[in-house]
DNA sequence: GTTGAGTCTGTAGTCAGGTACGGAAGTAAG
DNA sequence: CTTACTTCCGTACCTGACTACAGACTCAAC
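Protein chains in written order, with the numbering used here: chain A, 918 to 1067; chain B, 918 to 1067.
Listed below in structure tokens is the structure:
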């Protein structure tokens, strides 16, 4: 079944992905489009499957598809230092995220505990707290929002 | 400056948000649209500002705008148990995320360390590992992707 | 030889959380 | 009174990672 020369549908099944996802990766240049025999159907081999595994592993580590493109350019293994730089940056990002999620956890946990103990249903500590500052950081910087505001 | 009866621009400045963002919240029903004096300009007061603070605090705790809508319906403080349920669910989510980020951290940290020590630049352990399984879980479930695959 | 499933191609839609823009009308300063 | 900035309103666009669908074609089974 995992023989070389399978159709995209078989490839998708083995890789546990939708066909459309593979095509999408092809459009983004992450996966090669094999030559099509005249009036026929494209066939995929093990290297295509390996590519999909690579992509999924990297995604699981938090790399975006753009970053995975970069990684794939280093795939021959001769650019170890660049690959390491990418991984280090990602490690930094991951630690950052963990830190802020822990802050959230702490705050939420406090709220829930205080709420559980509150006897006065008229003043819910959760709702109440949301009106305060909660010690939240400067500004959310996500979705590429720039910091400058004229 | 933080007087009542400010324009949307002033409100935006104080809340450190873009005007467009406030309008967007209005379209989503998160922020009230004050009545417009005939042929005039709408004015906002402290309660609008409080609303924006509420939204931002809740966002910081990881609530989506939809969830914030729900929270806002409980704003009178008489639905403490519902608010607590939402907060508890969110706490669970946050802990889940922390757990999987820690997995990522562990894996990335290992990769980076092994890479640092590798003397053979022909075989970068990072690139190499991405071809293996990395012990990644079943399937990414994000963006509302369903688990079923025909 | 027909049926039904799979493939190919291109384009469009989804979700979240905004951001941008165009044109008309109002407003503040000089 | 003019100039320059805001506001208002609607609509369109953005990112990221897909997902869906239409219409033509190909392929394998019966």
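The C-beta atom is built at its ideal place from N, Cα and C for all residues, glycine as well.
- Residue 956(B) has a beta carbon lying at 7 Å or more from every beta carbon in chain A.
- DSSP, reduced to helix, strand and coil, places residue 1021(B) within a helical segment of the structure shown.
- Less than 7 Å separates the beta-carbon of residue 1047(B) from that of residue 974(A).
- Its chain contains 945, 947 as the residues whose beta carbon lies nearer than 7 Å to that of residue 982(B), once the 5 sequence neighbours on both sides are disregarded; these appear in chain order.
- When DSSP states are grouped into helix, strand and coil, residue 955(A) belongs to the coil group.
- Burial check for residue 964(A): the Cβ neighbour count within 10 Å stays below 16, so the residue is exposed.
- Each residue's CA atom was taken as its position, placing residue 943(A) and residue 967(A) some 14 Å apart.
- Judged by their CB atoms, residue 1018(B) and residue 1011(A) are nearer to each other than the 7 Å cut-off.
- For residue 1009(A), the closest Cβ of chain B is not nearer than 7 Å.
- Distance from the CA of residue 929(B) to the CA of residue 976(B), rounded to the nearest whole angstrom, comes to 17 Å.
- Only exposed fits residue 955(A), as fewer than 16 other CB atoms lie within 10 angstroms of its CB.
- Sequence-distant Cβ neighbours of residue 990(B) in its own chain, meaning closer than 7 Å and more than five residues away, do not exist here.
- Among the residues of chain B, none has a CB under 7 Å from the CB of residue 1034(A); the nearest is roughly 11 Å distant.
- For residue 932(A), not one C-beta of chain B is nearer than 7 Å to its own C-beta.
- Along the stretch 1014 to 1025 of chain A, going in chain order, the ones with a CB nearer than 8 Å to a CB of chain B are 1014, 1015, 1018, 1019, 1021, 1022, 1024, 1025.
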